[in-house]
């Protein structure tokens, strides 16, 4: 069957569709019913089951005779370390760590915070929690102490598992002092901590509270998998950029297993045994879904990469990893490719590597501008698939179902909705709009398995954040349109649709024009306050390496290009040339923060910002344009 038949089959019988996909999972108590809608608009999938995530991700592959297959390939150019861990070795490691946690009192339903760098032990910690039925919450390694304390208070963990340090290009980030400060600040105190000591930055352990990763496992009995109910929380993941009380996305166990397993073939087109690489971090949703869980549940080999797209050691590091480890499907954020393109505009470095093993590149995490997609296609000579999803959904809302049918790529579109997602474009009153019309993107309820059923200890906030604006729908917070062929276009966050003299305009459309300029390596457009027109667009551009053209000339050229492409209605006349853009550590550009700086408003330093010093550079670039005066 092709995509249209599969999607129509889901529409006709959603219950039957997901019960069929559930057959690929090893259940303790298999499902009889897929969806429990008795508490709508709060829905639960496979609530009548019992199952264990770790068993499905590790044990069952060993039981099936595939214990010697590589489960994890660890590649760390920052420490010059490579390791391969088989499924059998992973089982031994996870069962031992779970036994140590159980011996110290961690039981089903307890929370465990994981604060780790990109090392295989981070995955082992996640799986050990899943083995016990404990609920893990991974916090990005190196997160500020206050932000970690806020999450400790919200999740109330019995234990914290942490690395002694993380390694960034040219520096070591010591985690333990941040952890100690967070625990000191938090009103909730964990019973104990487990610390993975790294030679690059060993930590002082506090007697009685802190335990060495290896020593705590000595003499303990490896533990079996604990069955949990299908709607038992697998984990809590706090969304990036939270202000005030954190927003803890909950992931229910059974739906997570069923949905993620389905995606590996249907979307990423890999078979069990193939090597899959998602170049992200375990602290983000991509790391949860596609470094740890989905590849292992499906029986793939997953790559854990500790490095950056450039500087570890150069812009060819991605190509080396793909060649060396025989990667079949590769998933990363557009920002990584913009960094490579800016460093190596002509793609010369790929000529030193053979990446013929690769079938496709998948981009997500931020809008994939057409210029980046075309550059990647030209350099890599493989299909490039943009796809769109969120921390809240945990897997693809709209993508190209390459394992079912590789649909024609339309540059600028993440292609079509996946089974489970009935995507609609609505106006401000909640009414559907015509094809090609910009509006709010919403998903008709119920959401499919694997998506968030609620927020941690915050059901009212869940309803207000996602279910109230458009009753009967999940509000994505993104704006876009659907064309006559059913292809979806994500144009901006709803907040990034600006109103210029009554015209609703997409900043994303303007960014596409800026990115098309041959000297522009990266860009962003924000809306700034204007007394006459309400808002005006303001563009930021970062130039490619080796560009010596005067900044004023480039600004003039991109202003003309926007006027020619979008029209005078855009009133685009403000451009700042900057060396870099403020981003989260996952690569999202902090447009809302830039808006507040431009308008002279107070703002909270984003918890996820990669380098706070960039904000001063942005302020300095805005002042000659008459902004950031506050």
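In the working numbering, the protein residues as written are 22 to 651.
Note that the Cβ used here is the ideal one computed from N, Cα and C, for glycine as well.
Does DSSP classify residue 636 as helix, strand or coil?
Taking the first residue of the chain shown as position 1, residue 636 is located at position 615. Correct three-state label for residue 636: helix.
Which residues in the same chain have their Cβ closer than 7 Å to the Cβ of residue 633, if we skip the five residues on either side of it in sequence?
Counted from its first residue, the chain shown places residue 633 at position 612. Setting aside the 5 residues that flank it on each side, residue 633 is surrounded in the same chain by 626, each with a C-beta closer than 7 Å to its C-beta; the list follows chain order.
On a Cα-Cα basis, can you pick out the residue from 388, 311, 366, 365 that is closest to residue 679?
Outside the shown range of the chain, which is 22 to 651, sits residue 679, and nothing can be said about it.
Look at the alpha carbon of residue 161 and the alpha carbon of residue 588, and state the distance between them as a whole number of angstroms.
The residue labelled residue 161 in the question sits at position 140 within the chain shown. The residue labelled residue 588 in the question sits at position 567 within the chain shown. When rounded, the distance between both Cα atoms is 42 Å.
Among the candidates 187, 411, 519, whose CA atom is the shortest distance from the CA of residue 99?
As a first step, residue 99 is located in the chain shown; it is residue number 78 there, counting from the start. Ranking the options by Cα distance to residue 99, first place goes to 187.
Tell whether a beta-carbon distance below 8 Å holds between residue 409 and residue 175.
In the chain shown, counting from the first residue as 1, residue 409 sits at position 388. In the chain shown, counting from the first residue as 1, residue 175 sits at position 154. Cβ atoms of residue 409 and residue 175: not closer than 8 Å.
Considering only their Cβ atoms, is the gap separating residue 183 from residue 216 smaller than 8 Å?
Taking the first residue of the chain shown as position 1, residue 216 is located at position 195. Taking the first residue of the chain shown as position 1, residue 183 is located at position 162. Contact flag set, yes.
Determine contact between the segment 152–170 and the segment 127–137, defined as no fewer than three beta-carbon pairs at a distance below 8 Å.
They touch, by the three-pair rule.
Hey, could you find the ends of the alpha helix (DSSP H) residue 483 is sitting in?
The count along the chain shown starts at 1 and reaches residue 483 at position 462. Unbroken alpha helix (DSSP H) run through residue 483: 480–483.
Going by DSSP, which residues form a beta bridge with residue 514?
Position 493 of the chain shown, counted from the start, is the residue given in the question as residue 514. In the DSSP output, where bridge partners are listed per residue, residue 514 has 499.
Reducing DSSP to helix, strand and coil, say where residue 445 ends up.
Counting from one through the chain shown, the residue named residue 445 turns up at place 424. Three-state result, residue 445: strand.
With distances taken from CA atoms, which of 395, 343, 382 is nearest residue 421?
What you label residue 421 is simply residue 400 of the chain shown in a count that begins at 1. Among 395, 343, 382, the Cα nearest to that of residue 421 belongs to 382.
DSSP on residue 277, reduced to helix/strand/coil?
Against the chain shown, residue 277 aligns to sequence position 256. In this structure, residue 277 counts as helix in the three-state DSSP scheme.
Quick one: grab the DSSP three-state call for residue 210.
Position 189 of the chain shown holds residue 210. Correct three-state label for residue 210: coil.
If you reduce the DSSP assignment to three classes, tell me which class residue 520 lands in.
Position 499 of the chain shown, counted from the start, is the residue given in the question as residue 520. In the structure shown, residue 520 sits in a strand (DSSP, three-state: E or B).
What separation, rounded to the nearest whole angstrom, lies between the Cα atoms of residue 563 and residue 642?
Position 542 of the chain shown, counting from 1, holds the residue named residue 563. Position 621 of the chain shown, counting from 1, holds the residue named residue 642. When rounded, the distance between both Cα atoms is 12 Å.
Could you give the uninterrupted runs of the beta strand (DSSP E) lying entirely in the segment 208–250, keeping only those of 3 residues or more?
213–217, 231–233
Scan the segment 519–557 and note each continuous alpha helix (DSSP H) run of 4 residues or more that stays entirely inside, going in chain order.
528–536
How would you call residue 390, buried or exposed, if buried means at least 16 neighbouring beta carbons within 10 angstroms?
Here residue 390 is taken as the residue at index 369 of the chain shown, counted from 1. So residue 390 counts as buried.
In whole angstroms, what is the alpha-carbon distance linking residue 578 and residue 594?
Translated into the one-based positions of the chain shown, residue 578 becomes position 557. Translated into the one-based positions of the chain shown, residue 594 becomes position 573. Residue 578 and residue 594: Cα-Cα distance of roughly 11 Å.
Can the beta-carbon of residue 276 be found closer than 8 Å to that of residue 440?
Counting from one through the chain shown, the residue named residue 276 turns up at place 255. Counting from one through the chain shown, the residue named residue 440 turns up at place 419. The answer is no: Cβ separation not under 8 Å.
I'd like the span of the beta strand (DSSP E) that includes residue 378, first residue to last.
Along the chain shown, read from residue 1 onward, the residue named residue 378 stands at position 357. Taken as a continuous stretch (DSSP letters only), residue 378 belongs to no beta strand (DSSP E), as it is neither H nor E.
Do the CB positions of residue 260 and residue 412 come within less than 8 Å of each other?
The sequence position of residue 260 within the chain shown is 239, counting from 1. The sequence position of residue 412 within the chain shown is 391, counting from 1. Cβ atoms of residue 260 and residue 412: closer than 8 Å.
Please go through the segment 55–143 and give each complete beta strand (DSSP E) segment of 3 or more residues, from N-terminal end onward.
For the segment 55–143, whole beta strand (DSSP E) runs of length 3 or above, ordered along the chain, are 56–60, 63–66, 91–97, 102–107, 132–136.
Hey, could you find the ends of the beta strand (DSSP E) residue 181 is sitting in?
Position 160 of the chain shown holds residue 181. Looking at the DSSP string, the run of the beta strand (DSSP E) that includes residue 181 is 180–184.
In this structure, how does DSSP classify residue 177 when only helix, strand and coil are distinguished?
Taking the chain shown and counting its residues from 1, one reaches residue 177 at position 156. Coil at residue 177, not helix or strand.
Is the Cβ-Cβ distance between residue 120 and residue 35 less than 8 Å?
If you number the chain shown from 1, residue 120 lands on position 99. If you number the chain shown from 1, residue 35 lands on position 14. No, Cβ-Cβ distance for residue 120 and residue 35 is not below 8 Å.
By the three-class DSSP mapping on this structure, what secondary structure does residue 597 have?
As a first step, residue 597 is located in the chain shown; it is residue number 576 there, counting from the start. Of the three classes helix, strand and coil, the one that applies to residue 597 here is strand, per DSSP.
Excluding the 5 residues flanking residue 513 on each side, which residues of the same chain have their C-beta closer than 6 Å to its C-beta?
As a position in the chain shown, residue 513 is number 492, starting the count at 1. Within the same chain, residue 513 has close Cβ partners 500, 527, 528, 529.
Does DSSP classify residue 50 as helix, strand or coil?
Sequence index remark: in the chain shown, residue 50 carries index 29 (1-based). Three-state DSSP puts residue 50 in a strand.
Can you have a look at residue 53 and say buried or exposed, based on whether 16 or more other CB atoms are within 10 angstroms of its CB?
For the purposes of this step, residue 53 is taken as residue 32 along the chain shown, with counting starting at 1. Per the 10 Å Cβ criterion, exposed.
Could you give the C-beta distance for residue 447 and residue 461, rounded to a whole number, given that I count them as a contact under 8 Å?
By one-based count along the chain shown, residue 447 stands at place 426. By one-based count along the chain shown, residue 461 stands at place 440. 5 Å between Cβ atoms; contact.
Excluding the 5 residues flanking residue 650 on each side, which residues of the same chain have their C-beta closer than 8 Å to its C-beta?
For the purposes of this step, residue 650 is taken as residue 629 along the chain shown, with counting starting at 1. Closer than 8 Å at Cβ, skipping near neighbours: 621, 644.
Would you give the residue range spanned by the alpha helix (DSSP H) that residue 356 belongs to?
Here the question's residue 356 lines up with position 335 in the chain shown. Run containing residue 356: 355–364, per the alpha helix (DSSP H) assignment.
Can you tell me the Cα-Cα spacing of residue 423 and residue 504, whole angstroms?
Numbered from 1 along the chain shown, position 402 holds the residue referred to as residue 423. Numbered from 1 along the chain shown, position 483 holds the residue referred to as residue 504. Going by the C-alpha atoms only, they are around 20 Å apart.
Do you know whose CA, among 145, 417, 337, lies nearest residue 285's CA?
Numbered from its first residue, the chain shown carries residue 285 at position 264. Ranking 145, 417, 337 by Cα distance to residue 285 puts 417 first.
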